[in-house]
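Have a look at the structure below before the remarks.
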Ligand SMILES: Cc1cc2nc3c(=O)[nH]c(=O)nc-3n(C[C@H](O)[C@H](O)[C@H](O)COP(=O)(O)OP(=O)(O)OC[C@H]3O[C@@H](n4cnc5c(N)ncnc54)[C@H](O)[C@@H]3O)c2cc1C
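See below:
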């Protein structure tokens with residue numbers, strides 16, 4: 265039997281996948297399938313959107329439907345960052361008014377429902393397993409079904425399911441994880457003042473985040489590194505609560521609440537794919553790059569990517585494949601902008617200068633430019649993919665196979681690399697190799 269055939273098959277029906285379908289439909293591409301492995305029964309993290317995201321929801325033509333859902337308006341962020349005092353950033357004084365705490369499952373399923381209503385075909389509870397390049401595009405093994413596609417969109421989030429099959433790798437920038445618990449409010453004392461504020465509180469080992477969900481429960485998470493989770497055994501409730509009780513504002517916020525879930529770990533590290541477009545495919549949302557949740561920007565970026573991807577794919581289907589490279593460059597450029605902002609934010613917290621969590625984010629440069637360095641002999645073969653793609657790291661190691669200075673190594677690398685990475689990123693990669701004893 266002939267496989268069902270589509271112009272575009274989208275892997276992943278999260279906010280990036282569904283929005284890409286909506287953007288393509290707006291561009292007149294109507295033969296679209298969305299392949300989604302889950303049934304949306306598990307809670308999804310990533311619940312706060314900032315005011316400007318409303319503009320993207322309007323562009324996608326879903327704003328009226330969004331307003332009909334029970335998402336909770338958010339008036340701003342209260343943060344104790346760099347100081348123990350709370351400071352308020354009120355959205356109300358910004359151009360686009362309020363932000364929102366989402367019922368994330370409802371948000372994702374709304375986008376998916378609208379994509380289907382407007383013409384996309386959904387293959388629910390179906391997982392992409394394999395992909396084969398054909399003369400006209402791709403044959404995808406999705407669950408027990410084979411689908412043909414002229415173009416494939418990887419919108420599978422952190423799984424990067426299709427891109428990995430094409431040999432793409434994540435370039436990681438940190439080891440951030442969120443360790444989540446959920447709390448119920450007493451019915452007679454629902455939080456009122458500050459209820460709609462996201463609370464952020466920095467501590468020695470990272471930062472606490474808490475936000476009310478539309479169903480009245482409070483999501484509380486410690487954002488920290490894997491090492492801290494292991495050392496303090498934070499999956500054990502008593503150890504987790506011990507750290508939570510050491511906070512000021514977060515502890516006060518949960519003081520009358522009842523914990524209703526055990527600590528659960530979510531990966532939250534920042535990365536970008538080393539290859540996010542190829543012949544007949546591209547990646548969107550977290551499949552292409554993931555930002556630190558401190559930015560509360562992941563969903564916004566996913567929608568932004570989707571609108572740009574919709575235009576790029578439509579052009580590519582008409583033979584203008586150059587636009588795919590432009591799309592990738594925009595995503596990379598935005599990622600570099602995010603890294604700079606991230607550095608500036610973390611640098612504002614100066615209270616725990618010896619804490620490995622803060623050190624890793626504040627002093628990423630640990631080699632003096634004039635320090636003489638040399639790659640260590642017999643480094644075990646390893647795919648580095650940290651700060652720069654593996655091939656770039658290998659050429660840095662090659663560049664210091666004989667002694668040179670850090671500054672010279674960076675200069676020589678930049679001369680030979682056609683990519684045009686910013687200097688700070690190459691310097692950070694050299695520092696990373698130094699800290700990890702690949703360079704001595
Ligand atoms: C701890 C944490 C807190 C965050 N907080 C915020 C926040 O407050 N605000 C914000 O804007 N962002 C936040 N983010 C980021 C935000 O959650 C993501 O950026 C966003 O979910 C990306 O959407 P996506 O559609 O690309 O990926 P996802 O939402 O992960 O969707 C991917 C979809 O692909 C499906 N899939 C995966 N593999 C396959 C496969 N093989 N076959 C078929 N389907 C597959 C999955 O089931 C899923 O539905 C946070 C992230 C983390 C980790």
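Numbering (the working numbering), first residue to last: 265 to 704. Quick reminder that beta carbons are idealized off the backbone N, C-alpha and C, glycines included.
For residue i, the residue or residues it bridges with in DSSP
| i | result |
| --- | --- |
| residue 402 | 397, 413 |
| residue 703 | 639 |
| residue 433 | DSSP, once it has assigned bridges, lists no residue as partnering residue 433. |
| residue 546 | 417, 541 |
| residue 352 | 342 |
| residue 448 | 522 |
| residue 651 | Looking at the DSSP assignment, residue 651 forms no beta bridge with any residue, so it has no partner. |
| residue 493 | None; residue 493 has no bridge partner. |
| residue 292 | None, per the DSSP bridge assignment. |
| residue 695 | According to DSSP, which records beta bridges pairwise, residue 695 is partnered with nothing at all. |
| residue 474 | 463, 484 |
| residue 336 | 365 |
| residue 440 | 489 |
Heavy atom of ligand 1 within 7 angstroms of residue i beta-carbon
| i | result |
| --- | --- |
| residue 694 | no |
| residue 308 | yes |
| residue 299 | yes |
| residue 421 | yes |
| residue 337 | no |
| residue 392 | yes |
| residue 270 | no |
| residue 279 | yes |
| residue 564 | yes |
| residue 601 | no |
| residue 485 | yes |
| residue 292 | no |
| residue 312 | yes |
| residue 427 | no |
| residue 530 | yes |
| residue 275 | yes |
| residue 305 | no |
| residue 342 | no |
| residue 413 | no |
| residue 554 | yes |
Range covered by the beta strand (DSSP E) that runs through residue i
| i | result |
| --- | --- |
| residue 468 | Residue 468 -> no beta strand (DSSP E), and no H or E assigned at all. |
| residue 489 | 482-489 |
| residue 601 | Run containing residue 601: none in the beta strand (DSSP E); it sits in the alpha helix (DSSP H), 586-611. |
| residue 388 | That residue, residue 388, is in no beta strand (DSSP E); it is neither H nor E in DSSP. |
| residue 530 | 528-531 |
| residue 363 | 363-365 |
Cutoff 6 angstroms; reference residue i; Cβ partners in own chain excluding five residues on either side
| i | result |
| --- | --- |
| residue 625 | 610 |
| residue 462 | 312, 341, 475 |
| residue 457 | With a pLDDT of 45 at residue 457, under the threshold of 50, the predicted position of this residue should be treated as unreliable, and no value is reported. |
| residue 496 | 503 |
| residue 499 | 527 |
| residue 400 | none |
| residue 650 | 436, 696 |
| residue 544 | 401, 415 |
| residue 304 | 369, 373 |
| residue 556 | 534, 606 |
Host alpha helix (DSSP H) of residue i (start-end)
| i | result |
| --- | --- |
| residue 683 | No alpha helix (DSSP H) contains residue 683, which DSSP labels as neither H nor E. |
| residue 562 | 562-581 |
| residue 558 | Segment: none, residue 558 is in no alpha helix (DSSP H) and carries neither H nor E. |
| residue 500 | No alpha helix (DSSP H) holds residue 500; DSSP gives it neither H nor E. |
| residue 318 | 317-323 |
| residue 270 | No alpha helix (DSSP H) holds residue 270; the beta strand (DSSP E) holding it covers 269-275. |
| residue 380 | 368-381 |
| residue 624 | 620-626 |
| residue 330 | 327-332 |
Beta-carbon contacts of residue i that lie in its chain and below 7 angstroms, excluding the five residues immediately before and after
| i | result |
| --- | --- |
| residue 323 | 571 |
| residue 600 | 686 |
| residue 291 | 574, 575, 578 |
| residue 413 | 270, 272, 273, 401, 402, 404 |
Residues of its chain near residue i, where Cβ-Cβ distance is below 8 angstroms and the 5 sequence neighbours each way are ignored
| i | result |
| --- | --- |
| residue 661 | 639, 643, 697, 702, 703 |
| residue 335 | 364, 365, 366, 367, 370, 371, 478 |
| residue 669 | 633, 634, 635, 636, 637 |
| residue 658 | 648 |
| residue 481 | 446, 447, 448, 449, 524 |
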